[in-house]
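Enquirer:
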Amino acid sequence: MKPRWLNLLLIATLGLTACSEAPPQVHRAKLFTLGTLVDVSVLHQDEAVAQQAVTIVETELATINRQWHAWHDSPLTLINQQLAQGETVTIDSATHHFIQQAQTLATNSDQLFNPTIGSLVEQWGFHSDERPDGAPPAKERIDAALKQAPSMANITLTATTLTSNNPAVQFDFGAFGKGYAIDRAVEQLKRAGIKNAIVNAGGDLRAIGSKGGRPWRIGVRHPTEAGVIASIEIDGDESIFTSGNYERFFDFDGRRYHHIIDPRNGYPANDAISVTVIHHNAATADAAATALFIAGTTQWPQIAKQMGIDEVMLIGNDLTIYMTRKMAQRIRLEIDDAQIKIIGNET
Amino acid sequence: MSGQPNNASERKTGITIKTTQEDHLIAWLAALAIAIHIIESVLPSPLPGVKPGLANVITIAVFILYGWRTAVWVTMLRVLVGSILIGTFLSPTFMLSFSGAVASLIVLWLASRLPGEGPGPIGLCLIAAMAHMSGQFYTAYLLFIPHDGLFKLLPLLMTAAVVFGIISGIIVRSMLQHLEKRKNDTTAQQNEQEK
Amino acid sequence: MTRADYCIVLFAALLLPYLYISQWTGDEAGINATIMNGSETTEVSLAHDHTLEIDGALGTSIIKIKDGKIRFAASPCRGKQCIHSGWLEHAGEFAACLPNRISIAVLGEEPRFDSIIF
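Chains as they are written, first to last, in my numbering: chain A, 239 to 585; chain B, 472 to 666; chain C, 2 to 119.
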């Protein structure tokens, strides 16, 4: 008999202190990047490895942020200048991959996810770190911008070049870049051997693995009140993205104008308060959350279907909760007396 | 007690007879332990499967009378046969009683190593009951309910363990006194017969 | 009762109050929050009411602690979303002033959720 072993056992069984040390711990770190607060959780027994993982995420997100920033000087603003002058842009494979993915999503969303309306977004004043409260743009200017009708359909992409047949195309990947960045960061984490983690960038996340024996528990914040409206468990590898009218906005003359611009009329989409989407891929979830928000209470099921999204929760202006059947099966509502409509008849 | 020359031989014969009696006693005690174990299994508990450990009475009595090794046998017999009879063998309930039993046996082993007089029935029952509860609790926490909220129950469970530990200590003490008396009576009877 | 018996009884008598105090009072008395300023994190207790002034990237944010709750009371940002977040009291709740790069979060043993989306 080894006395040391026995001592350990004795300490463990008597358990004078309640703090048990379950080996793998969740390490959390918060970073300011992507224009938001990024919350990284890594489950690992070795704190050094977890810290390394956070650095990996930080580096990856910062790289994407620099590359695709829509209003700070970046390779993207350079591309926008070239496109405005009708020039052919030479691109590398990473850029090709990025724009191609965005183009596919735009097509599938019937161009409701439209990352080419940068000038419209700029007119609305959202090309600033903080939009001052001031008048919305004049209707004539919005109509003028709409008439030029930029879309991803104007873009021709080859392996090394990018051209546009519409000088009005101004990229703004606000509804895609964050998802793409999270995907890249998670990819790097996996490559580094991290199996259980969450990368949450300003309220949108991708989670991999689990919290050691139980799924990750994700709370969905209530769009109009304090607290949580629903919760979702993730075990494996999934992304949850929410688009809401409360994320970025300004008030003028007692009216609220938020940042999700409907490319069809040039005004903030107003047929939903928030849309939550679950999909394996964060970039897809990101673009879909925006597209479905714009689609609104009647059109969203059709757009979701086209985009291959089958887990959606849309909260309408009257707080009615619309859900796909698949979402309804896994989400847990944390509020009482909700008006719920489940869309889709597959069982 | 001692000093008389024929007393030693009397004692010797007493011991040979006592050996078979000891076997009977162990069997009897194990059966009793199993009975207590089964009765205990139907008692309500805030954490299913976690019990005050009254069956420890037998473990402690055997430990005091016949030593640690025998206590291990009786206890393991109790846990195995008891769970087979209730039908919980290898179930979570079984794991809990098993871990509780192992924890209390470890503590008893350590107690037997203590220098000096060592604890009596009450101290032994108390520390064994607490070890029993801790063992069960940690097993429940590690294997079945790994939620920190479980620790809110620990003070209550440990209070129960302390109360039941002391109660079983008192039971063991009177039991030992009773056995001692019986043994003396039997020895006296033997002496009578030999004459 | 031997001396060892008394020791064991004493041990039990000390262990029980310790367990009650450590397991049952932790939540009420010891709630802490973290304040993150840039990349610097400090921990504050919510047990005593007080007001903190924190210089961030943009200016001074005022953070109030009262009745075990914490909130942004004033901030140099335009949106004032941090202030709209209101009082935070439950483990895991959190508010941030992005322009000023300051965030506050309530700590706790185990928050109900591992992550919150919005």
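Quick reminder that beta carbons are idealized off the backbone N, C-alpha and C, glycines included.
Have a look at C:4, C:71, C:18 and flag the residue whose alpha-carbon is nearest the alpha-carbon of residue 85 of chain C.
Expert: Position 84 of the third sequence, counting from 1, holds the residue named residue 85 of chain C. Considering only alpha carbons, the answer is C:71.
Enquirer: Hey, would you say residue 363 of chain A sits closer than 8 Å to residue 490 of chain A, going by beta carbons?
Expert: Along the first sequence, one-based indexing puts residue 363 of chain A at 125. Along the first sequence, one-based indexing puts residue 490 of chain A at 252. No.
Enquirer: Beta-carbon separation of residue 6 of chain C and residue 590 of chain B under 8 Å?
Expert: Reading the third sequence from its first residue, position 5 is the one you call residue 6 of chain C. Reading the second sequence from its first residue, position 119 is the one you call residue 590 of chain B. Closer than 8 Å, so yes.
Enquirer: So residue 57 of chain C contacts chain A; which residues on that side make the cut at Cβ distance below 8 Å?
Expert: Position 56 of the third sequence holds residue 57 of chain C. Going along chain A, no residue has its Cβ under 8 Å from residue 57 of chain C, so there is no contact; the nearest lies around 11 Å.
Enquirer: Spatial neighbours of residue 65 of chain C within its chain, please: CB distance less than 6 Å, with the 5 preceding and 5 following residues excluded, ordered by chain position.
Expert: Position 64 of the third sequence holds residue 65 of chain C. Within the same chain, residue 65 of chain C has close Cβ partners 52, 72, 74.
Enquirer: Quick check on residue 423 of chain A: does DSSP put it in helix, strand or coil?
Expert: For the purposes of this step, residue 423 of chain A is identified with residue 185 of the first sequence, where counting begins at 1. Helix, per DSSP.
Enquirer: DSSP three-state label for residue 538 of chain A, please.
Expert: Position 300 of the first sequence, counting from 1, holds the residue named residue 538 of chain A. Three-state DSSP puts residue 538 of chain A in a helix.
Enquirer: Chain B partners of residue 2 of chain C, CB-CB under 8 Å?
Expert: If you number the third sequence from 1, residue 2 of chain C lands on position 1. The answer, in chain order, is 591, 593, 594.
Enquirer: Exposed or buried, what is residue 652 of chain B when buried is set at 16 or more other beta-carbons lying within 10 Å of its beta-carbon?
Expert: One-based indexing of the second sequence puts residue 652 of chain B at position 181. With fewer than 16 other Cβ atoms within 10 Å, it is exposed.
Enquirer: If you reduce the DSSP assignment to three classes, tell me which class residue 563 of chain A lands in.
Expert: As a working mapping, residue 563 of chain A is identified with position 325 in the first sequence. Residue state, collapsed to three classes: helix.
Enquirer: Would you kindly check if the distance between the Cβ of residue 571 of chain A and the Cβ of residue 552 of chain A is under 8 Å?
Expert: If you number the first sequence from 1, residue 552 of chain A lands on position 314. If you number the first sequence from 1, residue 571 of chain A lands on position 333. No. Outside cutoff.
Enquirer: Using a Cβ cut-off of 8 Å (strictly closer), state whether residue 629 of chain B contacts chain D.
Expert: As a matter of chain content, chain D is missing from the structure shown, whose protein chains are A, B and C.
Enquirer: Less than 8 Å between the beta carbons of residue 345 of chain A and residue 303 of chain A, yes or no?
Expert: Residue numbering aside, residue 345 of chain A sits at position 107 when the first sequence is read from its first letter. Residue numbering aside, residue 303 of chain A sits at position 65 when the first sequence is read from its first letter. No, they are not a contact pair.
Enquirer: Just to make sure I have the definition right: I need the residues of chain C whose C-beta is within less than 8 Å of the C-beta of residue 447 of chain A. Which are they?
Expert: The sequence position of residue 447 of chain A within the first sequence is 209, counting from 1. Ordered by position in chain C, no residue passes the 8 Å Cβ test against residue 447 of chain A, which lies about 11 Å from the chain.
Enquirer: Would a check of beta-carbon distances place residue 6 of chain C closer than 8 Å to chain B?
Expert: Start at 1 with the first residue of the third sequence, and residue 6 of chain C comes out as number 5. Yes, residue 6 of chain C counts as interfacial toward chain B.
Enquirer: Thinking C-alpha only, which one of B:500, B:622, B:638 is nearest residue 536 of chain B?
Expert: Taking the first residue of the second sequence as 1, we reach residue 536 of chain B at position 65. Closest option to residue 536 of chain B, Cα to Cα, is B:500.
Enquirer: Against chain B, does residue 20 of chain C count as a neighbour if the rule is that its beta carbon must be under 8 Å from one of theirs?
Expert: Within the third sequence, residue 20 of chain C is the residue found at index 19, counting from 1. Chain B contact via Cβ: present.
Enquirer: With a cut-off of 8 Å on the beta carbons, I'd call residue 54 of chain C and residue 43 of chain C a contact; round off their distance for me.
Expert: Within the third sequence, residue 54 of chain C is the residue found at index 53, counting from 1. Within the third sequence, residue 43 of chain C is the residue found at index 42, counting from 1. No, residue 54 of chain C and residue 43 of chain C are not in contact; Cβ-Cβ is about 13 Å, not under 8 Å.
Enquirer: Would you mind reading off the limits of the alpha helix (DSSP H) that contains residue 78 of chain C?
Expert: As a working mapping, residue 78 of chain C is identified with position 77 in the third sequence. No alpha helix (DSSP H) holds residue 78 of chain C; DSSP gives it neither H nor E.
Enquirer: In three-state terms, what does DSSP make of residue 640 of chain B?
Expert: For the purposes of this step, residue 640 of chain B is identified with residue 169 of the second sequence, where counting begins at 1. In the structure shown, residue 640 of chain B sits in a helix (DSSP, three-state: H, G or I).
Enquirer: Is residue 597 of chain B close to chain C? Criterion is C-beta to C-beta, closer than 8 Å.
Expert: Your numbering for residue 597 of chain B matches position 126 in the second sequence. Answer yes: the Cβ-Cβ gap between residue 597 of chain B and chain C drops below 8 Å somewhere.
Enquirer: Is it right to say residue 494 of chain A is buried, meaning 16 or more other beta carbons lie within 10 angstroms of its own, or is it exposed?
Expert: As a working note, residue 494 of chain A is residue 256 in the first sequence. Per the 10 Å Cβ criterion, exposed.
Enquirer: Please confirm whether residue 601 of chain B has its beta-carbon closer than 8 Å to some beta-carbon of chain C.
Expert: Locating residue 601 of chain B in the second sequence gives position 130, counting from the first residue. Judged by the 8 Å Cβ criterion, residue 601 of chain B is in contact with chain C.
Enquirer: Name the one or two DSSP bridge partners that residue 98 of chain C has.
Expert: As a working mapping, residue 98 of chain C is identified with position 97 in the third sequence. The partner list for residue 98 of chain C (beta bridge, DSSP) reads C:103.
Enquirer: Using only the alpha-carbon positions, how far apart do residue 567 of chain B and residue 534 of chain B sit?
Expert: Here residue 567 of chain B refers to the residue found at position 96 of the second sequence. Here residue 534 of chain B refers to the residue found at position 63 of the second sequence. Looking at the two C-alpha atoms, the distance is approximately 21 Å.
Enquirer: According to the Cβ coordinates, are residue 511 of chain A and residue 562 of chain A closer than 8 Å?
Expert: Taking the first sequence and counting its residues from 1, the one referred to as residue 511 of chain A is at position 273. Taking the first sequence and counting its residues from 1, the one referred to as residue 562 of chain A is at position 324. No, these two residues do not count as a Cβ contact at 8 Å.
Enquirer: Might you give, ordered along the chain, the residues of its own chain that have their beta carbon closer than 6 Å to the beta carbon of residue 542 of chain B, omitting 5 neighbours on each side?
Expert: Looking up residue 542 of chain B in the second sequence gives position 71. Excluding residues within five positions, the ones whose Cβ falls inside 6 Å are 530, 533, 534.
Enquirer: What is the DSSP secondary structure of residue 509 of chain A, counted as helix, strand or coil?
Expert: Residue mapping note: residue 509 of chain A aligns to position 271 of the first sequence, counting from 1. If DSSP states are grouped into helix, strand and coil, residue 509 of chain A belongs with coil.
Enquirer: So which residues of chain A does residue 78 of chain C contact, with C-beta pairs closer than 9 Å?
Expert: Translated into the one-based positions of the third sequence, residue 78 of chain C becomes position 77. Those within 9 Å of residue 78 of chain C in chain A are 368.
Enquirer: Between A:402, A:385, A:290, A:395, which has its C-alpha nearest residue 319 of chain A's C-alpha?
Expert: For the purposes of this step, residue 319 of chain A is identified with residue 81 of the first sequence, where counting begins at 1. Cα-wise, what sits closest to residue 319 of chain A is A:402.
Enquirer: Who are residue 35 of chain C's beta bridge partners in DSSP?
Expert: Counting from one through the third sequence, the residue named residue 35 of chain C turns up at place 34. According to DSSP, residue 35 of chain C bridges with C:44, C:106.
Enquirer: Answer with yes or no whether the minimum CB distance from residue 362 of chain A to chain C is below 8 Å.
Expert: Working through the first sequence from its first residue, we reach residue 362 of chain A at position 124. No, its Cβ sits nowhere closer than 8 Å to a Cβ of chain C.
Enquirer: For residue 361 of chain A, does the count of other Cβ atoms within 10 angstroms reach 16, so buried, or fall short, so exposed?
Expert: Indexing the first sequence from 1 puts residue 361 of chain A at position 123. Classification of residue 361 of chain A: buried, given that the 10 Å Cβ count is 16 or more.
Enquirer: Given a threshold of 16 other Cβ atoms within 10 Å of its Cβ, counted over all protein chains shown, does residue 555 of chain B qualify as buried or as exposed?
Expert: Here residue 555 of chain B corresponds to residue number 84 of the second sequence, with the count starting at 1. With fewer than 16 other Cβ atoms within 10 Å, it is exposed.
Enquirer: Would you mind stating whether residue 117 of chain C and residue 459 of chain A have Cβ atoms separated by less than 8 Å?
Expert: Along the third sequence, one-based indexing puts residue 117 of chain C at 116. Along the first sequence, one-based indexing puts residue 459 of chain A at 221. For residue 117 of chain C and residue 459 of chain A, yes; Cβs fall inside 8 Å.
Enquirer: Which residue's Cα is closest to the Cα of residue 503 of chain B: B:553, B:538, B:578?
Expert: Stepping through the second sequence from its first residue, residue 503 of chain B is reached at position 32. When each option's Cα is compared against that of residue 503 of chain B, the closest is B:553.
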